[in-house]
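In this note's numbering, the protein residues as written are 7 to 74. The structure under discussion appears below in the form of structure tokens.
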């Protein structure tokens, strides 16, 4: 794993809502809250994790709006 990959993974892990990405057996595995996924490409794994995070945040915001 190259230094840039390590820096990206550290940055994502240190976000207010952490995204953990690990490399195992030729795959990048991501986890964020209750969501998880994998990809053979780092960028695709990051994309999946961010899309999950944003969809969860939007779902939570919609639920809160519905209560008002």
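Note that beta-carbon positions come from the ideal geometry of N, C-alpha and C, so glycine has one too. In this text, all values refer to a predicted model and were calculated from it rather than measured experimentally.
- Counting only the same chain and skipping the five closest in sequence on each side, list residues whose C-beta sits under 6 Å from that of residue 19. 26
- Query: Run through DSSP, which three-state label would residue 25 get?
  - Reply: coil
- Determine the closest residue to residue 10 out of 48, 57 and 35, with distance taken between C-alpha atoms. 48
- Task: Return the first residue and the last residue of the beta strand (DSSP E) that residue 37 is part of.
- Result: 33–38
- Message: Pull the bridge partners of residue 63 from the DSSP assignment, please.
- Response: Residue 63 is not bridged to any residue.
- Is it buried or exposed for residue 54, if we count other Cβ within 10 angstroms and need 16 for buried? buried
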